[in-house]
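Structure, as structure tokens:
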Amino acid sequence: MIPFLDLKQINLKYEEKIIDIMSKVLHSGWYIMGEEVRAFEEEFAAYCGSKYCIGTANALDSLSLIIKAYGIGPGDEVIVPSNTYIASILSISANGATPVLVEPELETYNIDANKIEANITKNTKAILIVHLYGLSCNMEEIMNIASKYNLKVIEDCAQAHGAIYHNKKVGNWGHAAAFSFYPGKNLGCIGDGGAVTTDDEELARKIMALRNYGSHKKYENLYKGVNSRLDELQAAILRIKLTDLDNENNTRREIANHYIDKICNDYVILPKKPKNEEEHVWHLFVIRVSQRTHFQNFLMEQGIQTLVHYPIPPHKQLAYKEWNNLSYPTSEKIHEEVVSLPISPVMSSLQIEKVVRAVNDYRSQ
Ligand SMILES: *Cc1c(COP(=O)(O)O)cnc(C)c1O
């Protein structure tokens with residue numbers, strides 16, 4: 258069986274170092290907001306090229322805290338792609354603001370920058386973009402639109418740690434960015450974790466307080482904050498894995514390039530290689546097949562597990578009943594046809610070959 262993602266194997270690569278550091282943290286007697294979190298924040302900020310990094314409990318909280326810190330709330334609108342993981346949209350709703358869905362491009366699955374301007378109103382405060390599947394959005398165009406209308410750009414980098422667009426890392430293009438360190442992400446811990454990156458000192462200070470009960474100083478509360486901290490153990494593990502992130506992303510690129518070069522089947526639509534390889538970190542390798550279930554069953558018979566990211570578009574979710582009758586045709590087509598092949602830094606060349614052969618052998622009903 259080729260599992261979609263072998264998380265155990267991914268982490269066992271670092272077994273000795275992880276066990277060492279867990280013991281060190283245990284013996285330190287300090288488990289929340291200590292030296293490991295401070296050091297990780299500094300190292301991750303440096304990695305992204307941002308001035309500030311603030312550890313949080315997860316990416317949904319990171320996004321919500323950015324929106325809250327900007328004072329975006331009821332009556333305000335935030336533009337967001339109509340095909341994203343629901344968390345991007347929930348962060349807007351959680352603050353009482355209105356998500357305004359904008360269709361993606363079928364070629365890249367990222368927000369269609371040409372469709373943003375038509376959705377800007379006098380209530381629009383921000384554009385929340387998502388570097389979906391690991392591919393950087395068209396940031397130059399998006400930043401130009403944002404500056405024309407004086408909007409904040411918030412990047413959801415949960416799937417794109419380390420992607421570089423025009424010589425600048427994602428997480429460093431917009432005004433603020435959110436990262437997830439959920440175990441399955443390109444940089445994942447052994448539990449939940451997240452971060453905000455920004456160059457905005459005032460925003461950084463505010464989020465530093467907001468994540469810790471709104472407190473900048475013990476028992477003094479500036480804001481009505483939340484408890485959303487990255488813990489010492491997770492930060493320590495992330496510090497180990499961060500040193501290998503670029504290597505792992507390169508391995509993902511090699512596998513993606515191999516799939517793109519070797520998979521040849523009229524029933525399968527492959528993702529495009531970006532003009533510049535650095536723009537994609539291949540969190541997911543997403544293809545489109547019109548008879549998706551038939552295809553998934555065929556691959557499963559060959560011992561290959563695939564997953565769908567994602568089967569139901571946000572506007573068709575019961576959580577957003579008010580949108581259920583709206584139509585976003587590009588997003589709906591994507592959700593009906595996408596299927597993700599296994600891609601991970603621990604796949605063997607034999608496994609990669611097996612996936613290529615199975616996909617090439619597939620025939621539609
Ligand atoms: C995983 C993911 C999130 C949420 O991350 P958590 O850390 O689980 O909250 C948000 N946005 C996107 C695009 C994601 O893939």
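Here the working numbering is used: the first residue of the sequence shown is 258, the next is one more, and so on.
All residues carry an ideal CB built from backbone N, CA and C; glycine is no exception.
Since residue i and residue j are thought to touch, with beta carbons under 8 angstroms apart, how far apart are those beta carbons, to the nearest angstrom?
| i | j | result |
| --- | --- | --- |
| VAL410 | ALA435 | That belief does not hold up - the Cβ atoms of VAL410 and ALA435 are roughly 12 angstroms apart, past 8 angstroms. |
| ILE349 | ILE373 | So it is not a contact: roughly 15 angstroms between Cβ atoms. |
| ILE259 | GLN608 | 5 angstroms |
| GLN562 | PRO602 | Going by Cβ atoms, the distance from GLN562 to PRO602 rounds to 17 angstroms, so no, they are not a contact pair. |
| ALA420 | GLU535 | 7 angstroms |
| ASP457 | ALA433 | 7 angstroms |
| ILE544 | LEU527 | 6 angstroms |
| ALA370 | ILE329 | Their Cβ separation, rounded to whole angstroms, is 21 angstroms, which puts ALA370 and ILE329 out of contact at 8 angstroms. |
| LEU556 | ALA615 | 6 angstroms |
| TYR619 | THR455 | With 8 angstroms as the limit, TYR619 and THR455 do not qualify as a contact, their Cβ atoms being about 45 angstroms apart. |
Assign residue i to one of two classes, buried (16 or more other C-beta atoms within 10 Å of its C-beta) or exposed (fewer than that).
| i | result |
| --- | --- |
| CYS305 | buried |
| GLY428 | buried |
| ILE289 | exposed |
| GLU272 | exposed |
| ALA576 | exposed |
| GLU286 | Residue 286 is actually Gly in this sequence, not Glu. Exposed, because fewer than 16 other Cβ atoms sit within 10 Å of the Cβ of GLY286. |
| ARG468 | buried |
| GLU298 | buried |
| PRO586 | exposed |
| SER584 | exposed |
| ALA296 | exposed |
| SER319 | buried |
| HIS388 | buried |
Who are the Cβ neighbours of residue i in its own chain at under 7 angstroms, not counting the five residues just before and after it?
| i | result |
| --- | --- |
| VAL546 | TYR524, VAL525, PHE552, GLU594 and VAL596 |
| ILE494 | ILE275, ILE278, CYS446 and ILE447 |
| ASP488 | TYR288 and ILE289 |
| ARG509 | VAL538, TRP539, ILE600 and PRO602 |
| ASN239 | Only positions 258 to 622 of the chain appear in this structure, which leaves residue 239 out of reach. |
| GLN574 | ILE343 |
Cutting at 6 angstroms between CB atoms, please list the residues of its own chain near residue i, excluding the five before and the five after it.
| i | result |
| --- | --- |
| ILE464 | ILE311, LEU322, ALA326 and VAL453 |
| TRP580 | HIS572 |
| LYS426 | CYS305 and GLY306 |
| GLU362 | ASP369 |
| ILE384 | ILE336, ALA403, LEU408 and VAL410 |
| GLN559 | ALA615 |
Would you kindly check if the distance between the Cβ of residue j and the Cβ of residue i is under 8 angstroms?
| i | j | result |
| --- | --- | --- |
| HIS540 | ALA417 | yes |
| ILE402 | ILE386 | no |
| GLY482 | TYR470 | yes |
| ASN340 | PRO568 | no |
| TYR366 | ILE517 | no |
| TYR480 | ALA466 | yes |
| TYR439 | ASN315 | yes |
| CYS521 | ASN617 | yes |
| SER472 | THR313 | no |
| GLU360 | SER588 | yes |
| LEU358 | LEU317 | no |
Could you pull out every residue in the same chain whose Cβ sits closer than 8 angstroms to the Cβ of residue i, ignoring the five residues on either side in sequence?
| i | result |
| --- | --- |
| GLN491 | PHE438, CYS446, ILE447, GLY448, ASP449 and GLY450 |
| ARG549 | VAL565, GLU593, GLU594, VAL595 and VAL596 |
| HIS515 | ILE609 and VAL613 |
| LYS382 | TYR327, ILE329, ASP333, GLU334, VAL335, ALA354, LEU408 and LYS409 |
- Item | At least three beta-carbon pairs within less than 8 angstroms, the segment 528 to 545 to the segment 383 to 398 | yes
- Item | Segment contact flag, the segment 494 to 505 with the segment 441 to 449, C-beta cutoff 8 angstroms, min 3 pairs | yes
- Query: Is the segment 352 to 362 touching the segment 331 to 342 in the sense that three or more CB pairs, one from each, lie closer than 8 angstroms?
  - Reply: Judged by pairs of C-beta atoms under 8 angstroms, the segment 331 to 342 touches the segment 352 to 362, as three or more such pairs exist.
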